[in-house]
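Colleague:
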């Protein structure tokens, strides 16, 4: 699937691996189409719980491991502009709200995106996800309507389909399947259990597993149905 | 990290007593606990780089162990400690990992601040 052309795509998530599950195929597709992609990752997932038993890392060595994984994932997707924003996992919602909006404004000013991909506030489960989407949507809301980038928002809370309906944007990323698997494998400290499960489900020919590798879904954010 | 050796851990806890130390204390059942199972009550807490001084530190019980630090006016307590190490920066790292390899509790003691 060829995606509509964009001037620049800005992807903003709080944790290394957030991009892998739902967006890496889309990112890789944009990159292959020659569209510049910037990925800003707010934290290094410092508070991740997957440390193994026996442990392969400690609370203090995990950030370095996840930083390497993030770099490897960017490489797998072909992303050359990766920005690590230096916040701490779990704390995004407790940062000063205005400071967070400014961070997003600076990213927008710097990259002049025609499309922003982030989480849908209140439908993204992890408080860091919601806080990231909130800050980005506030920043874009302040822009004059005619200069606002389009926002593709990711929602996966248990009630998201019930409230928001089906996602209106569906990307067939079958041709970027390898890049997506590459991004998933790059975050192996976090995805090992999930990949194992998926291999099993793929081997069993479960359509849902194939589906997940072929389609990525987003909601075009509508300021007429603003979250606040 | 190694499985807790009570004698070795006790020696290390003694080493940090009666000095100003930075503490990282954390417990969690994961940010997604109630997403995967709505019956689970999501709870967790952490403090990081709080400075204190303890007069007595003990590791107690069979594995998973408990660790308690007695302060002049209070306590630090962690339950479920399975692993420990003195890392390359001479920080005493203790953690409890469940059967799935997920961290459930951590207690760390250092003479210098932990990173951000």
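Chains as they are written, first to last, in our numbering: chain S, 5 to 232; chain L, 1258 to 1373. C-beta atoms are modelled at their ideal positions from N, C-alpha and C, and glycine is treated no differently.
#1: Specify, as a first and last residue, the run of the alpha helix (DSSP H) that residue 215 (chain S) falls within.
#2: Alpha carbon to alpha carbon, how far is residue 109 (chain S) from residue 65 (chain S)? Give it in angstroms, no decimals.
#3: Between the alpha carbons of residue 1366 (chain L) and residue 1351 (chain L), how many angstroms are there, rounded?
#4: Could you list which residues in chain S have their beta carbon closer than 9 Å to that of residue 1344 (chain L), in chain order?
#5: Counting pairs of Cβ atoms below 8 Å between the segment 1266-1279 of chain L and the segment 55-62 of chain S, do you hit three or more?
#6: Could you name the residues of chain S that residue 1292 (chain L) contacts, counting a contact when the two beta carbons are closer than 8 Å?
#7: Measure the beta-carbon distance from residue 1360 (chain L) to residue 1282 (chain L) and round it to whole angstroms, keeping in mind my assumption that it falls under 8 Å.
#8: Check the C-beta distance from residue 4 (chain S) over to residue 34 (chain S) and give it rounded, since I have them as a contact under 8 Å.
#9: Under 8 Å between beta-carbons, which chain C residues line up against residue 40 (chain S)? List them in chain order, please.
#10: Relative to the C-alpha of residue 171 (chain S), which candidate in S:124, S:187, S:42 and S:131 has its C-alpha closest?
#11: When the Cα atoms are used, what is the spatial distance from residue 50 (chain S) to residue 91 (chain S)?
#12: From the DSSP output, read off the bridge partner residues of residue 1285 (chain L).
#13: Using a Cβ-Cβ cutoff of less than 8 Å, which residues in the same chain neighbour residue 1310 (chain L) once the five nearest sequence positions on both sides are dropped?
#14: By DSSP, does residue 133 (chain S) sit in helix, in strand, or in coil?
#15: Span of the beta strand (DSSP E) holding residue 176 (chain S)?
#16: Spatial neighbours of residue 86 (chain S) within its chain, please: CB distance less than 6 Å, with the 5 preceding and 5 following residues excluded, ordered by chain position.
#17: For the pair the segment 205-225 of chain S and the segment 1299-1313 of chain L, tell me if three or more CB-CB distances fall below 8 Å.
#18: Would you check if the distance between the CB atom of residue 188 (chain S) and the CB atom of residue 24 (chain S) is smaller than 8 Å?
#19: Would residue 59 (chain S) count as contacting chain L if we go by Cβ distances under 8 Å?
#20: Give the DSSP bridge partners of residue 1340 (chain L), in chain order.
#21: Would DSSP call residue 39 (chain S) helix, strand or coil?
#22: What is the rounded straight-line gap between the Cα of residue 1316 (chain L) and the Cα of residue 1357 (chain L)?
#23: Counting contacts by CB-CB distance shorter than 8 Å, is residue 138 (chain S) in contact with chain L?
#24: If residue 213 (chain S) sits next to residue 202 (chain S), beta carbons under 8 Å apart, how far is it from one beta carbon to the other, in whole angstroms?
#25: Could you round the C-beta distance between residue 128 (chain S) and residue 161 (chain S) to whole angstroms and report it? I think they count as a contact, below 8 Å.
#26: Do we get a CB-CB distance below 8 Å when we pair residue 1337 (chain L) with the residues of chain S?
#27: Who are the near neighbours of residue 1284 (chain L) in its chain, counting only those whose CB is closer than 7 Å to its CB and skipping five residues on each side?
Modeller: Taking the geometry as given:
#1: 211-218
#2: 32 Å
#3: 8 Å
#4: 62, 64 and 65
#5: no
#6: 129, 161 and 162
#7: With 8 Å as the limit, residue 1360 (chain L) and residue 1282 (chain L) do not qualify as a contact, their Cβ atoms being about 13 Å apart.
#8: The structure shown does not extend to residue 4 (chain S), since chain S is modelled only from 5 through 232, so no value can be given for it.
#9: In summary, chain C is missing from the structure at hand, where the protein chains are S and L.
#10: Answer by Cα proximity: S:124.
#11: Looking at the two C-alpha atoms, the distance is approximately 9 Å.
#12: L:1301
#13: 1275, 1276, 1277, 1278, 1328 and 1329
#14: helix
#15: 173-176
#16: 43 and 78
#17: no
#18: yes
#19: yes
#20: L:1260 and L:1352
#21: coil
#22: Cα to Cα, the separation comes out at about 24 Å.
#23: no
#24: Separation of the CB atoms of residue 213 (chain S) and residue 202 (chain S) is rounded to 6 Å, and the pair is thereby assigned contact status at 8 Å.
#25: Going by Cβ atoms, the distance from residue 128 (chain S) to residue 161 (chain S) rounds to 7 Å, so yes, they are a contact pair.
#26: Taking 8 Å as the threshold, the shortest C-beta distance from residue 1337 (chain L) to chain S does not fall below it.
#27: 1301, 1302, 1361 and 1362
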